[in-house]
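Protein chains: 2
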Amino acid sequence: MANPGHNLPFETLDYMKKTIAIDMDGVIADIEAQVLAWYERDYGIKYTRDYLAGRPSDDLFPEKGLVGNYVRTAGFFRTLPVMEGAVEAVKTLMEDFEVYIVSAAMEFPLSLNEKLEWLGEHFPFITWHNIIFCGDKSIINTDYMIDDHIKNLDHFKGKTYMFHAYHNTLVTHHTRINNWPQVVELLKAEL
Amino acid sequence: MANPGHNLPFETLDYMKKTIAIDMDGVIADIEAQVLAWYERDYGIKYTRDYLAGRPSDDLFPEKGLVGNYVRTAGFFRTLPVMEGAVEAVKTLMEDFEVYIVSAAMEFPLSLNEKLEWLGEHFPFITWHNIIFCGDKSIINTDYMIDDHIKNLDHFKGKTYMFHAYHNTLVTHHTRINNWPQVVELLKAEL
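Those sequence lines, one after another, are chains A and B.
Take the first sequence: its letters are residues 1 to 191, numbered as in our numbering.
Take the second sequence: its letters are residues 1001 to 1191, numbered as in our numbering.
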């Protein structure tokens, strides 16, 4: 049950590491790729990421509310593609930072187990100690937050990095990051 | 999906409320009652809360590891009795505080949905915005924490209240609370 090394001295060093809260959807899990693929499957039309840019989540496609239906469909979160470069980058960051996966999963109760299974498959090196599923993220306290949603970043007390996503293309008040190698570069510079 | 009143001015007042993180197991959910009842069901012996006092969780009964098996049994968390007075007390606290339910549920993946359903049944007035399931609680940042486990309370930066439980009877470095009316009394005095 408990980590047997939890009270050993070397853990003290871990405790001193700076902490990062990393979001799932749109950050380590590629929501855009999934939505585009499901739309093509259902309507035979292949939209691109450029088409999505700047659109609000509830108005991505001509079919109003479609994305809302998708995210409430069993299997949606379990089968999300991993964001390019995320696995390697998170592994690298864990060498120098205490990394927490923080997902606003409570809105979609079906997603809880799917997200946990997904993490177990793609990020097995992240233990249950460092996984957080929440409603809003206002009581999350880490040194850094990597997220695509300004509703999470705006009230955060630490340093923010906004992962590029279709819905934040016009936002300029957070440090934009475009890909995972860039996250590693920026955070390594903080050491 | 989103709370339609989320950006209205009166929400600003809510935002200024002091925040409380309230644990589930042993605080609003009566683990001791369930464990004693299941033991009596399985072994025909009726132990009391006094018998449990001071014992470690993994050595509560002569049958080593029994509690570990119980908490991994489907239905255990879903059928926990509500701690006496918890519903009324949490409702009262919500008048003056922003209340978050923070449960270290990640260790037991089966418990995620059970805990969410349990909250929906017994605390339907707490919305998904204010529910957090985590591994450890070290990045939880609220003004107050009510918990029975010192592993959660010891590293917490805010004010701590230790809910009385069999495993903390010898602990003296947190404010002990014995029942829910006492929680309300102490926190009302903080206003």
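Positions of the beta carbon are idealized from the N, C-alpha and C atoms, including for glycine.
Below the 9 Å Cβ cutoff, chain A contributes Ile139 as neighbours of alanine 1021(B), in chain order.
DSSP places isoleucine 1022(B) in the strand class (E or B) of the three-state scheme. Only Tyr1100, Met1106, Glu1107, Pro1109 and Leu1112 from the region 1095–1112 of chain B bring a Cβ to less than 7 Å from some Cβ of chain A.
Not one beta carbon of chain B lies nearer than 9 Å to the beta carbon of histidine 167(A).
Each residue's CA atom was taken as its position, placing threonine 92(A) and tyrosine 144(A) some 16 Å apart. When CB distances to chain B are screened at a threshold of 8 Å, the residues of the region 113–132 of chain A falling below it are Asn113, Leu116, Thr127, Trp128, His129, Asn130, Ile131 and Ile132, in chain order. Proline 1109(B) and leucine 116(A) do touch by the CB rule: their CB atoms are close to 5 Å apart, below 8 Å. In the three-state scheme derived from DSSP, where H, G and I count as helix and E and B as strand, alanine 1037(B) is classed as helix. With a contact defined as Cβ atoms closer than 8 Å, methionine 106(A) and tryptophan 1128(B) qualify at about 4 Å. Within chain B, not a single residue places a beta-carbon under 8 Å from that of glycine 26(A); the smallest gap is close to 16 Å. Excluding five sequence positions before and after alanine 1021(B), the CB atoms of its chain that fall closer than 6 Å to its own CB belong to Tyr1100, Val1102, Ile1140, Thr1142 and Met1145, given in chain order. Here leucine 1191(B) is exposed. Its C-beta has fewer than 16 other C-beta atoms within 10 Å. Using a Cβ-Cβ distance cut-off of 8 Å, the region 1153–1164 of chain B and the region 1035–1051 of chain B are not in contact, since fewer than three pairs of beta carbons, one from each stretch, lie closer than that value.
Lysine 1157(B) belongs to the set of residues whose beta carbon lies under 9 Å from a beta carbon in chain A. Three or more Cβ pairs closer than 8 Å define a contact, and the region 176–188 of chain A falls short of that threshold against the region 1022–1034 of chain B.
Here the alpha carbons of methionine 94(A) and leucine 186(A) stand approximately 14 Å from one another.
For aspartate 1136(B), at least one C-beta of chain A is nearer than 9 Å to its own C-beta. At a cut-off of 9 Å between beta-carbon atoms, threonine 92(A) makes no contact with chain B.
Chain order gives the chain A residues near threonine 1142(B) as Ile139, where near means a beta carbon separation below 8 Å. Glutamate 114(A): member of the alpha helix (DSSP H) spanning 111–122, first to last residue. For arginine 55(A), there is no enclosing alpha helix (DSSP H), as DSSP marks it with neither H nor E. In the structure shown, the three-state DSSP call for alanine 29(A) is strand.
According to DSSP, lysine 159(A) shares a beta bridge with Tyr144(A). Around the beta-carbon of glycine 135(A), 16 or more other beta-carbon atoms lie within 10 Å, marking it buried. Between the beta-carbon of aspartate 148(A) and that of asparagine 168(A) there is about 6 Å, and that keeps the pair under the 8 Å contact cut. Burial state of threonine 19(A) is buried, judged by a 10 Å Cβ sphere holding 16 or more other Cβ atoms.
DSSP, read as helix, strand or coil, puts isoleucine 126(A) in coil. In the structure shown, arginine 49(A) adopts helical secondary structure according to DSSP, grouped into three states. Comparing alpha-carbon positions, the option among Pro1181(B), Tyr1043(B), Ala1104(B) and Val1183(B) lying closest to lysine 1151(B) turns out to be Ala1104(B). Of Asp42(A), Ala33(A) and Gly68(A), the smallest CA-CA separation from tyrosine 51(A) is found for Ala33(A).
Between tryptophan 180(A) and glycine 68(A), the CB-CB gap reaches or exceeds 9 Å.
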